[in-house]
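Chains as they are written, first to last, in the UniProt record's numbering: chain L, 1 to 591; chain B, 1 to 98.
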């Protein structure tokens, strides 16, 4: 059977599964809608958290990023996993003991202030929409590449699926759907990785791949070969990287702390029965995440080797089919600078910016004609980093069912994260804005109706952002992590570990962290992108890492302001004492 | 509430408070130790001292690079389970299980 028929079948079966689960697990109360009734087993919750967390970026983009960044790509690996240590040790058990529904709920109650609650809601909505736009776009791209429909149709199909299980099933539906999605995505990720590992090193375990010998008879290890080949082509050594230590340090810190502060991840720990389960569950989440995250560096390294082997010095007419497929989609571009008809892959940008192609007519070798201004270096190929995982099965000439599996897996990754984000947005609106702030008189039934309505609206907005992506989607990923690190994480942490922290301190800290980080990113990404170079950065820290500085500012401002203003009321101090003690968590959950 | 002894007088209340305080202190000291390991394997081995460690060969991979892309993740997983188990023991010791 051909790849696209198989893809329809695989995607169809997985979607039917998700909808089936949604119908089976539909909810009738706000407690079920927000926290799945609070009775999710820690291993199940760990799996759901892993799916929730691993987005289109983890599944599709990360291995490609690492393939092209080498050592510099380590920031994603350490940053996106190390945050779970912070989460398990510093936040999850205490938030579970607190036993409410949302992150703004905790901040509002702990800082006895609706202003604090509102600041938290604003942070949460901003972070979540930034993130969800990318997911919907990811869904569209996967549909268009594998099912040959246009991107908008793909986005609408994705919206319909998420609508079914997020609106019907709330957190309960999402949890069980995410378990299914985790299984699909991890299978889809590891199967091609094992095949490619066999091909490149003869060892089926990708985790051992980096140090394994390449089967080409050269006697070099994978990393050794990459280092030497890349340096011959004028690149930096794979294991060295180019970023400064200060920047690597800051980006890793911002990603770690941001991960621990992301609301859609935090709320997953409200759904387990006990405080001790919250700790265990964070451990399980990281186990499931680590399966993908320890495979990714190998996939990245193999992909880079294969790419160089198959493309460099190959005449265009002899390039493999995948090269032409991705060129058709505009994610690969080739400019024959020296007119030899063969592809030279070297360091540097082949031409200025991302490729724009001439609509009709082909070049001398039959390639699409790139209209961009040529640069002076010898490199002739533009390759979008996102294609690495998606193209891998084709590069390795794997059977068609593997290609279909990767399509289903990437959709699972994008949809599971989108659903988690949409749920935290809808709970923040219905619970924190309506019930806790503006309409305290509504009943549980009405609140549930508003929650569903809010989820439906959020899906509409997310779909709109997916179809009309603001040109800056790729630019703003730094926002989500930086802002979570600079605003929510410190406020929650101090709420647990400092009895003396008061509302004045927390609000001042969140605002300073939020605005300083926001201003820095906006300045370098949008106002003066031409100044976005190392000499101009504060302490040599790029916009991606500035959240770490924002976090430090938040802590400092909070400490100073809280020292000079009056201590929180005794009942709040008692609340802090209470969340530090695990016993009584079940009782605390009854509303 | 599932507290081991019902606090029914000033003496037991303060005993309970003392118990909670010593539980919290031990928790903090455990946290700091584990976070020190967390910092050492990621920011330490993977970033600050990566060049020195890269001189060491670890199953065909430079050791610093290995910590940055693989090793730190394995250690993170172990850290969380160690924390969960030790906290469970600490809770039992103080009679504060949920």
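The beta-carbon is built from N, C-alpha and C at its ideal position, and this holds for glycine as well.
At least one CB of chain A closer than 8 angstroms to the CB of residue i: is that the case?
i, result
"residue 86 (chain B)", "The chain labelled as chain A is not found among the protein chains of the depicted structure, namely L and B."
Quick one: grab the DSSP three-state call for residue i.
i, result
"residue 369 (chain L)", "strand"
"residue 62 (chain B)", "strand"
"residue 342 (chain L)", "strand"
"residue 221 (chain L)", "strand"
"residue 348 (chain L)", "coil"
"residue 102 (chain L)", "coil"
"residue 319 (chain L)", "coil"
"residue 333 (chain L)", "strand"
"residue 51 (chain B)", "helix"
"residue 571 (chain L)", "helix"
"residue 72 (chain L)", "helix"
"residue 114 (chain L)", "helix"
"residue 374 (chain L)", "strand"
"residue 232 (chain L)", "helix"
"residue 57 (chain B)", "strand"
"residue 544 (chain L)", "helix"
"residue 592 (chain L)", "Lying outside 1 to 591, the shown extent of chain L, residue 592 (chain L) is not represented and no answer is given."
"residue 148 (chain L)", "coil"
With residue i as the anchor, note down where its alpha helix (DSSP H) starts and where it stops.
i, result
"residue 360 (chain L)", "Not the alpha helix (DSSP H): residue 360 (chain L) falls in the beta strand (DSSP E), residues 357 to 362."
"residue 382 (chain L)", "Run containing residue 382 (chain L): none in the alpha helix (DSSP H); it sits in the beta strand (DSSP E), 381 to 383."
"residue 537 (chain L)", "It is not in any alpha helix (DSSP H) - residue 537 (chain L) carries neither H nor E in the DSSP assignment."
"residue 258 (chain L)", "245 to 261"
"residue 42 (chain L)", "42 to 53"
"residue 72 (chain B)", "72 to 94"
"residue 206 (chain L)", "Looking at the DSSP string, residue 206 (chain L) is not in any alpha helix (DSSP H), and its letter there is neither H nor E."
"residue 499 (chain L)", "Taken as a continuous stretch (DSSP letters only), residue 499 (chain L) belongs to no alpha helix (DSSP H), as it is neither H nor E."
"residue 5 (chain L)", "3 to 24"
"residue 460 (chain L)", "444 to 467"
"residue 38 (chain L)", "That residue, residue 38 (chain L), is in no alpha helix (DSSP H); it is neither H nor E in DSSP."
"residue 388 (chain L)", "387 to 395"
"residue 46 (chain B)", "That residue, residue 46 (chain B), is in no alpha helix (DSSP H); it is neither H nor E in DSSP."
"residue 98 (chain B)", "It is not in any alpha helix (DSSP H) - residue 98 (chain B) carries neither H nor E in the DSSP assignment."
"residue 277 (chain L)", "275 to 311"
"residue 190 (chain L)", "151 to 201"
"residue 425 (chain L)", "400 to 427"
Let me know if residue i comes out buried or exposed under the rule of 16 or more other beta-carbons within 10 Å of its beta-carbon.
i, result
"residue 24 (chain L)", "exposed"
"residue 14 (chain B)", "exposed"
"residue 567 (chain L)", "exposed"
"residue 99 (chain L)", "buried"
"residue 536 (chain L)", "exposed"
"residue 210 (chain L)", "buried"
"residue 663 (chain L)", "In this structure chain L extends from 1 to 591, so residue 663 (chain L) is not present and cannot be described."
"residue 317 (chain L)", "exposed"
"residue 333 (chain L)", "buried"
"residue 172 (chain L)", "buried"
"residue 435 (chain L)", "buried"
"residue 447 (chain L)", "buried"
"residue 1 (chain L)", "exposed"
"residue 413 (chain L)", "buried"
"residue 327 (chain L)", "buried"
"residue 234 (chain L)", "exposed"
"residue 389 (chain L)", "buried"
"residue 175 (chain L)", "buried"
"residue 161 (chain L)", "buried"
"residue 22 (chain B)", "exposed"
"residue 538 (chain L)", "exposed"
"residue 356 (chain L)", "exposed"
Contact check, residue i vs residue j under 8 angstroms by CB: the rounded distance?
i, j, result
"residue 344 (chain L)", "residue 372 (chain L)", "Between residue 372 (chain L) and residue 344 (chain L) the Cβ distance is about 17 angstroms, and since that is not below 8 angstroms, they are no contact."
"residue 465 (chain L)", "residue 282 (chain L)", "So it is not a contact: roughly 30 angstroms between Cβ atoms."
"residue 304 (chain L)", "residue 411 (chain L)", "That pair is no contact at about 25 angstroms."
"residue 88 (chain B)", "residue 498 (chain L)", "With a Cβ gap of about 26 angstroms, residue 88 (chain B) and residue 498 (chain L) do not count as contacting."
"residue 265 (chain L)", "residue 49 (chain L)", "7 angstroms"
"residue 45 (chain L)", "residue 259 (chain L)", "Their Cβ separation, rounded to whole angstroms, is 17 angstroms, which puts residue 45 (chain L) and residue 259 (chain L) out of contact at 8 angstroms."
Next item on the list: Closer than 7 angstroms, Cβ to Cβ, to anything on chain B: give me those residues from the stretch 240 to 270 of chain L, in chain order.
Entry: 245, 248, 249, 252
Check: What residues in the stretch 271 to 296 of chain L have a beta carbon less than 7 angstroms from any beta carbon of chain B?
Finding: 274, 275, 276, 279, 280, 282, 283, 286, 287, 290, 293, 294
Next item on the list: With 7 angstroms as the limit, tell me which residues of the stretch 80 to 94 of chain L have their beta carbon closer than that to any beta carbon of chain B; keep them in chain order.
Entry: 81, 82, 84, 85, 88, 89
Checklist line | the stretch 555 to 581 of chain L: positions lying closer than 8 angstroms to chain B by Cβ | finding: 577, 580, 581
Check: What residues in the stretch 192 to 208 of chain L bring their beta carbon closer than 9 angstroms to a beta carbon of chain B?
Finding: 207, 208
Next item on the list: Compile a chain-ordered list of the residues in the stretch 60 to 80 of chain L whose CB is closer than 8 angstroms to at least one CB of chain B.
Entry: 66, 71, 73, 74, 77, 78
Checklist line | Contact residues within the stretch 215 to 229 of chain L, judged by C-beta distance below 7 angstroms to chain B | finding: 221, 223
Note to self: Beta carbons nearer than 8 angstroms to chain B: which residues of the stretch 28 to 59 of chain L have them?
What the structure shows: none
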